[in-house]
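A.B. asks: Could you have a look at this structure, given as structure tokens, before my questions?
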Amino acid sequence: MLQDPPAEYRRTACRNHAPNLERGVGQLTVRGLIDMKSSWLKAAIDSDRPILIFLFFFPWSIWFIYRTSFTIDDIRYFCLFDDAMISMAYAKNLVNGYGLNWARFGEPVEGFTTPLWTFLMIPVNALPVGLNYKSLFIQVFSMILLALNILMIRKLMVTHFGFGAKRYWFPAAVLTASYYPLNFWALQGMESGLQVLLVTSSIYLAFSVIEKKSSPVTLLSLFAVAYLVRMDMMLLVLVILGFIAYQPGFIHVNRRSWLIGFAIFGMTIVSYSIFRWVYFHELLPNTYYLKLTGVPFEIRILRGLDVFVKNFFLPISIPLLLIIAGTLPLVRIRPKLGLPLLIIGTCFGYSIYVGGDVWEYTNVGANRFVTVAMPMLFVLFNALLNQGLDYLDQRKKPSLARDRAVIIFVSLIFSLFFNGFFLSPWNFGEEFRKFTVIKRPAYSISHDWVIRKSMELQTLLQPASIVATGLAGVPAYFTDFRMVDLLGYNEKTIAGMDIPPLSRLDFKKYLPGHLKTDIPYILAEYRPDFFFFPPKMPEDFWQSRGYEYRGELKGWHKVTAFSET
């Protein structure tokens, strides 16, 4: 059962000293760093709303979104990350009458792992605006979701992770708002913004259920939404339910509410499973077979562990280990700390289990699987800070000025640490250009090139041509060809194949979702008119089958396929 800390851990000496501390950060300034006469800044920080954070977050996000865009023939284009554009292609094709069919011909394949996120893109693609602007609506929506998550972080901190009179929330909120990897994936159109909001909200509601302040119906309904966003969010659902059961939270609310909640949750799972079976004729999404079958378990684990340690853990190891080491001894007296800790461990473990992400070798800082857990690490850090400041007040005279200075200083240092400024293998200047978006976000330059080449291809090929591609998102969205997926995301046979044999020493060659392909099978089954950005094959292989190389398009075309040459 969740309880407040024992009496000896509570701070009472400052009861009358800071009546506003229960509401938030209080008069947050830093002696010598912030001008006490700066009335607008004081007003922003003293407020119970994260105004100061949003003064940074919204302009930065808008600037980030703008920097992902580009112009082609004096027309500005907005484009999401290629994986997100796969979902956009499904939504566009549904609006255009092809159903949920990425290829625009043949039997539909569930090549997306985010049903709800894909369905949310359908009304966007029904809007009477050009394709070049539709991605912008998803980016703005993601920015709003990230802002809502910041508000939920504040609410979670104030309600459940204060200590005595110390209920500061600013560090957790500012670390979340400034965490580049989370912002990167969300503002590039991935489902990460919705995921992280669901994680934070679920933890808040779990505590409310345990304390009899909320019905489990609301929590389990939120779990149903989480399942529809990504099926693998079931892991987090099980962790939270296990935590509630251990407290035990099931007996705190009447049994009828739990039954209703589980009925909603169960009906959601069953309903979508029936839809999947009827529409796609599969029990699981195609991406499950692509990434988790035909891959030796040890290869996947070795690769997942390698990229986790080198690309994610080492650059942030000092603050991460300090937070974990500070939290573990307190879990017994402050059980609420255990749930964020479990969420963090689950997401980290899952990332290792699936072999990490294919997009690991940039300075983004974290993959999509671990970013959604990072705000919970920031919550733990903020909780430890609250306890530390409370401890100082017991040993020394309470001081708001000291609290303010500590909060600003540690928030700045930890933000720099978690954004890779200190231990990243990339130099400080590179990290600075990334964080300030002086350098365009990773992959946005390639999106520019792919759209240009896709448009060129559209002018050369007949409208009903079949194009096989190793880039499943952008070309499928910005053209109207019939498509074939060379890497199996939207092709069942390839998804079910085994990857090429790899020894343990070659585990670094494993790229999740990007090693399965079979060009001879594609040729025999689909007879594509053009191979756009295909895997490397010998020239005589293509030439013997009637294909010629088009260097300017990075692909091979069937000699008779072009409307003009």
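The numbering of the sequence shown is my numbering, which starts it at -4 and goes up by one.
Cβ atoms here follow ideal geometry from the backbone N, Cα and C, with glycine treated the same way.
Since we're looking at a predicted model, the values are computed, not measured.
Check whether the Cβ atoms of Pro166 and Val405 sit closer than 8 Å, and answer yes or no.
C.D. replies: Yes.
A.B. asks: For Met116, collect the residues of the same chain with a Cβ closer than 6 Å to its Cβ; drop the 5 residues on either side in sequence, then sort them by chain order.
C.D. replies: Answer for Met116: Ser82, Met83, Ala86, listed in chain order.
A.B. asks: Using a Cβ-Cβ cut-off of 8 Å (strictly less than) and excluding sequence neighbours within five positions of Ile259, which residues of its own chain qualify?
C.D. replies: Excluding sequence neighbours, Ile259 sits near Val212, Leu215, Ser216, Ala219.
A.B. asks: Have a look at Trp55 and Lys129 and give me their C-alpha separation to the nearest angstrom.
C.D. replies: Cα to Cα, the separation comes out at about 21 Å.
A.B. asks: Which residue wins for smallest C-alpha separation from Pro324, given the options Gln382, Val302, Val432, Val204?
C.D. replies: Comparing Cα-Cα distances from Pro324 to each of Gln382, Val302, Val432, Val204, the minimum goes to Gln382.
A.B. asks: Quick check: the Cα distance between Leu481 and Thr512, rounded to an integer number of angstroms?
C.D. replies: Distance between the alpha carbons of Leu481 and Thr512: 6 Å.
A.B. asks: Would you mind reading off the limits of the alpha helix (DSSP H) that contains Lys129?
C.D. replies: Run containing Lys129: 126 to 155, per the alpha helix (DSSP H) assignment.
A.B. asks: Where does Ala2 fall in DSSP's three states?
C.D. replies: Confidence in Ala2 is poor, its pLDDT being 40 and thus under 50, which makes the residue's placement unreliable; the coordinate value appears in the next sentence. If DSSP states are grouped into helix, strand and coil, Ala2 belongs with the helices.
A.B. asks: So Tyr472 and Leu126 are supposed to be a Cβ contact under 8 Å. How far apart are they, rounded?
C.D. replies: Rounded, the Cβ-Cβ distance is 7 Å, consistent with contact.
A.B. asks: Apart from the five residues just before and just after Phe275, which ones in its own chain have a Cβ nearer than 7 Å to its Cβ?
C.D. replies: Hits under 7 Å: Pro103, Val104, Glu105.
A.B. asks: Which residue's Cα is closest to the Cα of Thr171: Arg250, Leu407, Gly344, Gly340?
C.D. replies: Comparing Cα positions, the closest option is Leu407.
A.B. asks: Report the three-state DSSP secondary structure of Val326 (helix, strand or coil).
C.D. replies: Coil, per DSSP.
A.B. asks: Taking a contact to mean a Cβ-Cβ separation below 8 Å, would you say Pro533 touches Phe179 in this structure?
C.D. replies: No, the Cβ-Cβ distance between Pro533 and Phe179 is not below 8 Å.
A.B. asks: How far does the beta strand (DSSP E) with Val479 in it reach, from first residue to last?
C.D. replies: Start and end: 477 to 480.
A.B. asks: Which residue wins for smallest C-alpha separation from Gly483, given the options Leu146, His509, Pro530, Arg499?
C.D. replies: Measuring from the Cα of Gly483, the nearest candidate turns out to be His509.
A.B. asks: Buried or exposed: where does Asp352 fall if 16 or more other Cβ atoms within 10 Å of its Cβ makes it buried?
C.D. replies: That one is buried.
A.B. asks: I need the straight-line Cα distance from Gln22 to Ala396, nearest angstrom please.
C.D. replies: Because Gln22 carries a pLDDT of 42, less than 50, the predicted location of this residue cannot be relied on, and the following value inherits that uncertainty. Roughly 9 Å between the two C-alpha positions.
A.B. asks: Look up Lys161 in the DSSP assignment and give the residues it is bridged to.
C.D. replies: Per DSSP, Phe158.
A.B. asks: Run through DSSP, which three-state label would Leu497 get?
C.D. replies: Note: Leu497 maps to coil in three-state DSSP.
A.B. asks: With Ala181 as the anchor, note down where its beta strand (DSSP E) starts and where it stops.
C.D. replies: No beta strand (DSSP E) holds Ala181; the alpha helix (DSSP H) holding it covers 175 to 182.
A.B. asks: Is the separation between the beta-carbon of Asp78 and that of Met185 shorter than 8 Å?
C.D. replies: Yes.
A.B. asks: Could you say if the region 300 to 320 and the region 256 to 273 meet the contact criterion of at least three C-beta pairs nearer than 8 Å?
C.D. replies: The region 300 to 320, when compared against the region 256 to 273, does not touch it at the 8 Å Cβ threshold.
A.B. asks: Near Phe257, what residues of its chain come up, given a Cβ to Cβ distance below 7 Å and the 5 sequence neighbours on each side ignored?
C.D. replies: So the list reads Leu215, once near-sequence residues are dropped.
A.B. asks: State buried or exposed for Phe526, treating a residue as buried only when at least 16 other CB atoms are found within 10 Å of its CB.
C.D. replies: Phe526 comes out buried.
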